[in-house]
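Peer 1:
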Amino acid sequence: AAAGGDAAVRERLRSLGYVNFAPAGAAGAPPDPKDRIGLLAKLQNAQRLEAEEKFAEAEAAYREVVRDIPDSPESYVNLALVEARQGAFDRALATLREGLARIPDSDVLLVRLGHTYLVSGKPREALETMEKVLVLYPESLDALTVVAGILDATGRKPEARAYYERALRVEPESRHLRMSLAANLATTGSLEDAVGVYEGLIRDFPDEQAFYQYAGIASSMRGDFARAVSFLRRAVEIAPTPTGAFNLAVAYLKSGDTVNAAAAFRSYLRMFPKDDARNLALARAELERLEKTPGGAPR
42 AAAGGDAAVR ERLRSLGYVN FAPAGAAGAP PDPKDRIGLL AKLQNAQRLE
92 AEEKFAEAEA AYREVVRDIP DSPESYVNLA LVEARQGAFD RALATLREGL
142 ARIPDSDVLL VRLGHTYLVS GKPREALETM EKVLVLYPES LDALTVVAGI
192 LDATGRKPEA RAYYERALRV EPESRHLRMS LAANLATTGS LEDAVGVYEG
242 LIRDFPDEQA FYQYAGIASS MRGDFARAVS FLRRAVEIAP TPTGAFNLAV
292 AYLKSGDTVN AAAAFRSYLR MFPKDDARNL ALARAELERL EKTPGGAPR
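All letters in the sequence shown, in the order written, are residues 42 to 340 by the working numbering.
So this is what it looks like as structure tokens:
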């Protein structure tokens, strides 16, 4: 029965991410089952304190777990996360570096270090850290995604695209990555490719309004207004937004369909009277012009 109980404790620890739970100074000796039971109790206490948002107490509890099992990357990650939740990013970074000094090739620690650099406003250090991850683990989805995002945000669009494509080879169904790739393509002028990515997302998620809206705007940008109308009309049917409604009216206008353009401008002005002042002014001006056109815009 005791052996069965210890197995259950070990499995519970593994389910929480703690794979190496040998105690400090064990020198390869198997941990005593009583130590594992005590460790699980400490970990559950730390998690309870964190869930109750008693972050300072949770930090102290997680620090005790680190002292007990310093060769488990998850010990440092949990401590760093609760430090970061208090805004103590310097402490979180120090915790992760401490873990890496002991476990230098841990992808878990390197990835968390990269994320922590990123959220603490240090994109250069985040990029350098994630590039180290990719040297060791070329298919790390976290690292590929962060590197792509940083490169994209800093204007290195072609390099970012290569990382998005690498990440998608690892996780081809990722909505986030596919959307990011499409946005990257659109902002670098590869509009037809961007629309193709959005069409793939629409096939997989036919009720997602945003994909129709993005595809419609990209189609308008490349001058394919009939296609834009088709996408934007569906976007507005699913969930009207100021951007979707305004761009639908413009697409109708650019396609030469003045009757539907006027109706769409009226609908936009009625639904979103507090939208961007410039768009509202443009809509009113176009509607007034259309209404003055003989036979162009029946009320």
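Just so you know, even glycine gets a beta-carbon here, dropped at the ideal spot from N, CA and C. Computed from a predicted structure; not experimentally measured.
1. Within 10 angstroms of the Cβ of A135, are there 16 or more other Cβ atoms? Answer buried if so, exposed if not.
2. According to the neighbour-count rule (16 or more other Cβ atoms, all chains shown, within 10 Å of its Cβ), is F246 buried or exposed?
3. Ends of the alpha helix (DSSP H) at F272?
4. Which whole-angstrom value is the C-beta distance of R143 and P179, which I expect to be below 8 Å?
5. In the DSSP assignment, find the unbroken alpha helix (DSSP H) run with S261 in it and report its ends.
6. Answer with yes or no whether the minimum CB distance from T299 to chain C is below 8 Å.
7. Can you tell me which of L294, R311, Y309, D316 puts its alpha carbon nearest to the alpha carbon of R348?
8. Can you list, in chain order, the residues of its chain whose CB lies under 6 Å from that of N320, leaving out five sequence neighbours each side?
9. Between A121 and the rest of its own chain, which residues show a CB-CB distance below 7 Å, the 5 nearest in sequence each way excluded?
10. Out of curiosity, what's the CA-to-CA distance linking R274 and A267?
11. Flag this pair as yes or no: are the beta carbons of L151 and L159 separated by less than 8 Å?
12. When you compare only the Cα positions, how much space is there between V270 and A92?
13. If the criterion is Cβ atoms closer than 8 Å, does the pair E240 and A251 meet it?
14. Using the rule of at least 16 other Cβ atoms within 10 Å of the residue's Cβ for burial, across every protein chain shown, is T334 buried or exposed?
15. Indicate whether L289 and A303 have their beta-carbon atoms separated by less than 8 Å.
16. Using beta-carbon positions only, say whether S116 and V123 come within less than 8 Å of one another.
17. Go ahead and label E100 buried or exposed: buried means 16 or more other beta carbons lie within 10 angstroms of its beta carbon, across all protein chains shown.
Peer 2: Quick look at the numbers:
1. By one-based count along the sequence shown, residue 135 stands at place 94. Exposed.
2. To locate residue 246, count along the sequence shown from 1; it is residue 205. Its Cβ having fewer than 16 others within 10 Å, F246 is exposed.
3. Reading the sequence shown from its first residue, position 231 is the one you call residue 272. Residues 266-279.
4. Within the sequence shown, the letter at position 102 stands for residue 143. Within the sequence shown, the letter at position 138 stands for residue 179. About 24 Å; that fails the 8 Å criterion.
5. Here residue 261 corresponds to residue number 220 of the sequence shown, with the count starting at 1. Taken as a continuous stretch (DSSP letters only), the alpha helix (DSSP H) holding S261 covers 250-262.
6. This model lacks chain C altogether; it includes just one protein chain.
7. Here the chain has residues from 42 to 340 only, and residue 348 is not among them.
8. By 1-based counting over the sequence shown, the position of residue 320 is 279. Only F287 meet the Cβ criterion.
9. Here the question's residue 121 lines up with position 80 in the sequence shown. The beta carbon of A121 lies closer than 7 Å to those of A133, T136, L137, R153, T157 in the same chain, with the five residues before and after it left out.
10. Taking the first residue of the sequence shown as position 1, residue 274 is located at position 233. Taking the first residue of the sequence shown as position 1, residue 267 is located at position 226. Answer to the nearest angstrom: the Cα atoms are 11 Å apart.
11. Taking the first residue of the sequence shown as position 1, residue 151 is located at position 110. Taking the first residue of the sequence shown as position 1, residue 159 is located at position 118. Cβ atoms of L151 and L159: not closer than 8 Å.
12. Stepping through the sequence shown from its first residue, residue 270 is reached at position 229. Stepping through the sequence shown from its first residue, residue 92 is reached at position 51. Computed Cα separation, rounded: 48 Å.
13. What you label residue 240 is simply residue 199 of the sequence shown in a count that begins at 1. What you label residue 251 is simply residue 210 of the sequence shown in a count that begins at 1. Not in contact: E240 and A251 (Cβ atoms no closer than 8 Å).
14. Taking the sequence shown and counting its residues from 1, the one referred to as residue 334 is at position 293. Classification for T334: exposed.
15. On the sequence shown, residue 289 is found 248 positions in, with the first residue counted as 1. On the sequence shown, residue 303 is found 262 positions in, with the first residue counted as 1. Cβ distance not < 8 Å, so L289 and A303 don't count as in contact.
16. Locating residue 116 in the sequence shown gives position 75, where the first residue counts as 1. Locating residue 123 in the sequence shown gives position 82, where the first residue counts as 1. For S116 and V123, no; Cβs fall outside 8 Å.
17. The sequence position of residue 100 within the sequence shown is 59, counting from 1. Buried, because 16 or more other Cβ atoms sit within 10 Å of the Cβ of E100.
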